[in-house]
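Trainee: If you scroll down you'll find the structure; I have some questions about it.
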Amino acid sequence: MARLKLRVSPGAREDAVVGWMGEALKMRVRAAPEKGRANRAVERLLAAELGLPAGSLRVVAGQTGRDKTVEIDGWSDAALREHFGG
Numbered sequence: 007m008a009r010l011k012l013r014v015s016p017g018a019r020e021d022a023v024v025g026w027m028g029e030a031l032k033m034r035v036r037a038a039p040e041k042g043r044a045n046r047a048v049e050r051l052l053a054a055e056l057g058l059p060a061g062s063l064r065v066v067a068g069q070t071g072r073d074k075t076v077e078i079d080g081w082s083d084a085a086l087r088e089h090f091g092g
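All the letters of the sequence shown, read from the start, carry residue numbers 7 to 92 under our numbering.
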């Protein structure tokens, strides 16, 4: 299981993985940051990007902030860094 730090910008024009910002992966999601919508959008986007079912990852820290930590089953920290060009 890998842990990935994220910096999320909700309310964006499009859903996108932007790239690395220090130790965190920068993401943009269209969803508003209310009632967990942005968190669910982050989980969907990452699952699609990694070819995983949505249940394979979950936001484990930062549910109400822009800085989040996600746990991802089936990936290592090094493999994630390589996949996202870091």
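Backbone N, C-alpha and C define an ideal beta-carbon position, used for all residues, glycine too.
Quantities reported herein were computed from a predicted structural model and do not represent experimental measurements.
#1: I believe residue 9 touches residue 77 by the beta-carbon criterion, under 8 angstroms. Please report the beta-carbon distance rounded to the nearest angstrom.
#2: With H, G and I counted as helix, E and B as strand and the rest as coil, what does DSSP make of residue 53?
#3: Just grab the DSSP bridge partners of residue 32 for me.
#4: My understanding is that residue 23 touches residue 33, with C-beta atoms under 8 angstroms, so please give their C-beta distance in whole angstroms.
#5: Using CA atoms only, rank isn't needed, just tell me which of 17, 92, 80, 89 is closest to residue 4.
#6: Would DSSP call residue 43 helix, strand or coil?
#7: Hey, residue 51 and residue 90 are a contact pair by Cβ (cut 8 angstroms); roughly how many whole angstroms apart?
#8: Is the separation between the beta-carbon of residue 80 and that of residue 74 shorter than 8 angstroms?
Mentor: The short version:
#1: 6 angstroms
#2: helix
#3: 13, 25
#4: 5 angstroms
#5: The question about residue 4 has no answer, for the chain in this structure spans 7 to 92.
#6: helix
#7: No, residue 51 and residue 90 are not in contact; Cβ-Cβ is about 12 angstroms, not under 8 angstroms.
#8: no
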